[in-house]
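Participant: Encoded as structure tokens, here's the structure I'll be asking about.
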Amino acid sequence: MGKVIAITNQKGGVGKTTTALNLSASLALAGENILVIDSDPQGNLTSGLGIKKDQLKRGLYELYTGKIRLEEALSPTEIPNLFVLPASMDLFAAEIELLERSDNREMSLLKLLAPIKDNWKYVFIDCPPSFGLLTLNALIASESVLVPVQCEYFAMEGLSLLIKLLWRIRGGFNETLDMEGILLTMFNRHIALSRQVAEDIRRIFKSKVYDTVIPRNIVLAESPSHGKPAVLYAPNSAGAQAYVALAKEILNDNSLLF
Ligand SMILES: Nc1ncnc2c1ncn2[C@@H]1O[C@H](COP(=O)(O)OP(=O)(O)OP(=O)(O)O)[C@@H](O)[C@H]1O
Ligand SMILES: [Mg+2]
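Below, the structure written as structure tokens:
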């Protein structure tokens, strides 16, 4: 059974795309079939996987607007069992076009993914830093949310707002939407504030916080400009190793269920 997981946080620049890119790649390198969807018009995930978004003709926009079928929107990547559903700036228009539709416009992605999601072990959706129809579609299409949180001031405020939003989604649209896990990102153990924020989040959210912590590591910021996830660009870097550890933690967690 394929599990659809939205990587989301309305706060910008917290590591959503870096996580989508490197977690997908790490799981795929561990042998799992993975699909990652770029649901952000910024298209950073798309370019981070080496796809030129300016020339994109088959992506999430074309899919939402019915111009192509889902199979036509999938692009292969350098890792054979990792596929991406890419996006470009055009996706901004999809949000507006979805708004103009009156029929179940928030259920579009759920319906599009239903026939194919079991082809994959995981389908990750990289969400934009906003609460529009693109995020709503992602949250309705997902079984759970993975929330990257930057270990900095205001992290807790952002997180409480997100939890409130998730409750509203559960109440109105997706009753079973679960919290997959909270991921501490850009952690710097030499900075007291970073340690304090991590401690506070663990105290409140307990086992929902992954043991794996993603350190601040320049390789994670550099590798997208080479069109590669860090796990391919510099597999021995601290950043790449942290995402490999996260992938193992996720796979081990799930194996406990069986
Ligand atoms: N662990 C890290 N160490 C160093 N730099 C990082 C790390 N994680 C992310 N970055 C860098 O920080 C910036 C923001 O990260 P990213 O794009 O993943 O965040 P985001 O939540 O997807 O942002 P947005 O809300 O704009 O979509 C990027 O330049 C990225 O390369
Ligand atoms: Mg992003």
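Under this note's numbering, the first residue of the sequence shown carries the number 19, and numbering increases by one thereafter. We treat Cβ as the ideally placed atom computed from N, Cα and C, and that holds for glycine. Quick caveat: nothing in here was measured; it's all calculated off a predicted structure.
Beta-carbon within less than 6 Å of Gly245's beta-carbon, same chain only, minus the 5 sequence neighbours each way: which residues are those?
Facilitator: As a first step, residue 245 must be located in the sequence shown, where it is residue number 227. Taken in chain order, the residues that qualify are Gly68.
Participant: So, is Met174 buried or exposed, given that buried needs 16 or more other C-beta atoms within 10 angstroms?
Facilitator: Taking the first residue of the sequence shown as position 1, residue 174 is located at position 156. Counting Cβ neighbours within 10 Å, Met174 comes out exposed, since fewer than 16 surround it.
Participant: Does the distance between the C-beta of Asp136 and the nearest non-hydrogen atom of ligand 2 fall short of 6 Å?
Facilitator: On the sequence shown, residue 136 is found 118 positions in, with the first residue counted as 1. Asp136 Cβ: outside cutoff for every heavy atom of ligand 2.
Participant: Ligand 1 heavy atoms versus the CB of Lys34: any closer than 6 Å?
Facilitator: The residue given as residue 34 occupies position 16 in the sequence shown. Checking every heavy atom of ligand 1 against the Cβ of Lys34, one is found closer than 6 Å.
Participant: With a cut-off of 7 Å, does the C-beta of Glu89 fall near any C-beta of chain D?
Facilitator: Looking for chain D here will not work: only one protein chain is present.
Participant: With the cut-off set at 7 Å, would you say Gln155 and Ser126 are in Cβ contact?
Facilitator: For the purposes of this step, residue 155 is taken as the residue at position 137 of the sequence shown. For the purposes of this step, residue 126 is taken as the residue at position 108 of the sequence shown. It is worth fixing the name first, because residue 155 is Asn in this sequence and not Gln. Contact: yes.
Participant: Any heavy atom of ligand 2 inside 6 Å of the beta-carbon of Asn51?
Facilitator: As a working note, residue 51 is residue 33 in the sequence shown. No, the Cβ of Asn51 stays beyond 6 Å of every heavy atom of ligand 2.
Participant: By DSSP's criteria, Val163 is part of a beta bridge. Which residues make up the other side?
Facilitator: By 1-based counting over the sequence shown, the position of residue 163 is 145. Paired residue(s): Ala24, Met197.
Participant: In the DSSP assignment, what residue or residues form a beta bridge with Leu100?
Facilitator: Locating residue 100 in the sequence shown gives position 82, counting from the first residue. Looking at the DSSP assignment, Leu100 forms a beta bridge with Ile52.
Participant: Ligand 1 and Pro147: does any heavy atom of the ligand fall closer than 6 Å to the residue's C-beta?
Facilitator: Indexing the sequence shown from 1 puts residue 147 at position 129. Yes, the Cβ of Pro147 comes within 6 Å of a heavy atom of ligand 1.
Participant: For Leu275, name the three-state secondary structure that DSSP assigns.
Facilitator: Start at 1 with the first residue of the sequence shown, and residue 275 comes out as number 257. Unreliable positioning characterises Leu275 in this predicted model, as indicated by a pLDDT of 46, which lies under 50. The coordinate reading is nonetheless provided below. It is coil, neither helix nor strand.
Participant: Answer yes if the stretch 76 to 92 comes into contact with the stretch 104 to 123, meaning at least three C-beta pairs across the two stretches below 8 Å, and no otherwise.
Facilitator: Yes, since at least three Cβ pairs between the stretch 104 to 123 and the stretch 76 to 92 fall closer than 8 Å, the two stretches touch.
Participant: Tell me whether Pro242 sits in a helix, a strand or coil according to DSSP, three-state version.
Facilitator: Counting from one through the sequence shown, the residue named residue 242 turns up at place 224. DSSP places Pro242 in helix when its eight states are reduced to three.
Participant: Closer than 6 Å by C-beta to Lys139: which residues in its own chain qualify, once you throw out the five before and the five after it? Chain order, please.
Facilitator: For this step, residue 139 is matched to residue 121 along the sequence shown. Excluding residues within five positions, the ones whose Cβ falls inside 6 Å are Glu50, Asn51.
Participant: Give me the Cα-Cα distance between Thr36 and Glu118, rounded to the nearest whole angstrom.
Facilitator: If you number the sequence shown from 1, residue 36 lands on position 18. If you number the sequence shown from 1, residue 118 lands on position 100. Distance between the alpha carbons of Thr36 and Glu118 is about 32 Å.
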